[in-house]
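Position one of the sequence shown corresponds to residue 84 (our numbering), numbered consecutively onward. Structure, as structure tokens:
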Amino acid sequence: MARLSPFHACLLFCALRICSVNGVDLDKHLQQLKENYEILAAILNLLENLERKVDEHETLLAALKNEHKTKSFQKIVPSNSVIERQSSRKKTIFKTCQDIRATHPTQISGMNWIDPDGHGVGDDPIYVYCNMTSGSTSILHDSESQVTVTHCTGPGCSSRLINYSATSKQISALAELSSECHQSIRYDCTNAPFEINGISYSWWNDKHGNPQYFWSGSRTSLHTCHCGIEHNCFQAFTECNCNSNLPIPLADYGENILFECVLTLQCFDA
């Protein structure tokens, strides 16, 4: 019977020892990988919860900002009872700021009461800003400052109702008394086009509730912005800067000069 030499016995023992050690190390590695995976899964779950909370906070913050703007607007525009008290103390309320300027040429610019549809008839007087340099009248609303729109998908998925400090009847009466009338809008965007691939994602409703897709000028059938009229958009083949649909901050400016469409009741965007 063959016998192992002490040397061969040592080699065999060492080999078995190494295999045993390697087996133990492999189990440890597998256990460590399992623990690392569980930790990673917990971290990913935590990140998802944090992202959800951030989205909720952004939505809440935007709502609070809009509520603050509405309350601030309500503070600026007096109530009907205040109108009645102040109107009763005034013998004459002019129809336009131009009328005030013509009668009181030294009066400085500021907030004034006017009554476009006639004093003592129709709707109550309105509180407006009068530019006494030009004689122009500015009607206030609750969206003067920037309104943040939270991310959403789909055409018109977000909307903003615009509240004016005058009734539509008074605004129409003022427009009839004016030589020109316009309303401007600025739209800041990042990957938020008005229109792309023939699909309209943003529009505004006129005073009759009809959707409008032109953002500047007077051609209602033409989807364009101010840069499209001036032929200086960020990308020459687009009608608006935002239609470039790029992941960089861009902006569009428009001015509506149509009397019948000058009152923007609601804006929709994606």
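Backbone N, C-alpha and C define an ideal beta-carbon position, used for all residues, glycine too. Keep in mind that this is a model prediction, so the values were computed, not measured.
Check	Outcome
Pairwise C-alpha distance: Leu-123 and Trp-286	44 Å
Alpha-carbon spacing of Cys-264 relative to Ser-219, whole angstroms	10 Å
Uninterrupted beta strand (DSSP E) stretches inside the stretch 259-338 (no shorter than 3 residues)	266-272 and 286-288
Collapsed DSSP secondary structure at Leu-123 in the structure displayed	helix
Limits of the unbroken alpha helix (DSSP H) element including Cys-213	Looking at the DSSP string, Cys-213 is not in any alpha helix (DSSP H); the run it does join, the beta strand (DSSP E), is 209-214.
Assumed close pair Gln-295, Thr-303 - CB separation to whole angstroms, cut-off 8 Å	7 Å
For Ile-222, the three-state DSSP class (helix, strand or coil)	coil
Best match in Thr-273, Ser-283, Gln-181 and Leu-244 for proximity to Pro-330 [C-alpha to C-alpha]	Thr-273
Ile-197: first and last residue of the uninterrupted alpha helix (DSSP H) it sits in	No alpha helix (DSSP H) contains Ile-197, which is instead part of the beta strand (DSSP E) from 193-197.
Rounded separation between Tyr-270 and Thr-179 - CA only	30 Å
Delimiting residues of the alpha helix (DSSP H) encompassing Asp-182	180-186
Contact set for Ile-191: own chain, Cβ-Cβ below 7 Å, skip 5 residues either direction	Met-215
Local Cβ density within 10 Å of Tyr-247, reported as buried at 16 or more and exposed below that	buried
Short Cβ contact (8 Å threshold) for Thr-43 with Asp-206	In the structure displayed, the chain extends from 84 to 353; residue 43 sits before or after that span and is not available.
Euclidean distance between Cα positions of Phe-297 and Ala-319	18 Å
Cβ distance (whole Å) where Glu-278 is taken to contact Asn-326 below 8 Å	6 Å
Cβ neighbours of Arg-184 in the same chain (closer than 6 Å, five flanking residues each side left out)	Met-215 and Gly-218
Close-in-space but distant-in-sequence residues of the same chain around Val-104 (CB under 6 Å, 5 per side omitted)	Caution applies to Val-104, whose pLDDT of 48 falls short of 50 and renders its modelled position unreliable; the value that the coordinates give is listed next. So no residue of the chain qualifies.
Distance between Ile-254 and Ser-171 (C-alpha atoms, nearest Å)	Its pLDDT being 43, under 50, Ser-171 is placed unreliably in this model, and the coordinates cannot settle the point.
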